[in-house]
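Student: Got a structure for you, written out below as structure tokens; questions coming shortly.
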Amino acid sequence: MPKDDIIIAKAMTAGMRRLILAAFVHQKEASPEAADIDSLNEAFRREVGRLAVRGETDDGEDVELIPAVRNDLLLFVDAAFREAAERHERQQISFANSLEIKMSAARARTHRLRYQARAKRR
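Structural data, given as structure tokens:
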């Protein structure tokens with residue numbers, strides 16, 4: 059395999075994973091229910107299962123590449139699915155933390171206002 063083909067294959071690999079990850083993240087943002095992202099994962103797996111890929115060796119011999127390509131694609135799908143789930147979890151934690159900070163600030167403000175009101179009454 060010439061050097062250019064290796065570079066192209068690596069770029070395609072990285073691009074494929076990013077596309078799958080983007081699809082999972084988009085699905086999760088569009089519909090936060092876990093069932094929707096799971097159904098997207100299953101749809102990817104079904105499509106990989108339908109895939110048929112053939113190649114040719116240097117000798118001109120016809121080779122079936124289905125198992126290797128399917129396994130690689132399933133690795134992409136699994137990795138992207140995990141990464142999307144981790145991203146979503148981090149976003150939820152970040153949202154919960156910011157909400158907690160806001161609530162804490164609101165409680166402090168309420169406490170301060172009550173204290174000021176009591177001080178005015180005296």
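Each residue of the sequence shown is one higher than the one before, counting from 59 in the numbering used here.
Just so it is clear, CB atoms sit at the ideal spot from N, CA and C, and this is done for glycine as well.
1. What is the DSSP secondary structure of Ser89, counted as helix, strand or coil?
2. With 9 Å set as the bound, which would you pick, yes or no: does the beta-carbon of Ile95 sit closer than that to a beta-carbon of chain D?
3. Which whole-angstrom value describes the C-beta separation of Leu79 and Ala126, a residue pair presumed to lie in contact below a C-beta threshold of 8 Å?
4. In whole angstroms, what separates the C-alpha of Phe82 from that of Asp130?
Tutor: Based on what the coordinates show:
1. It is coil, neither helix nor strand.
2. Given the protein chain composition of this structure (a single chain), no chain D is represented.
3. Wrong, their Cβ atoms sit about 22 Å apart, outside the cutoff.
4. In a straight line, the C-alpha of Phe82 is about 18 Å away from that of Asp130.
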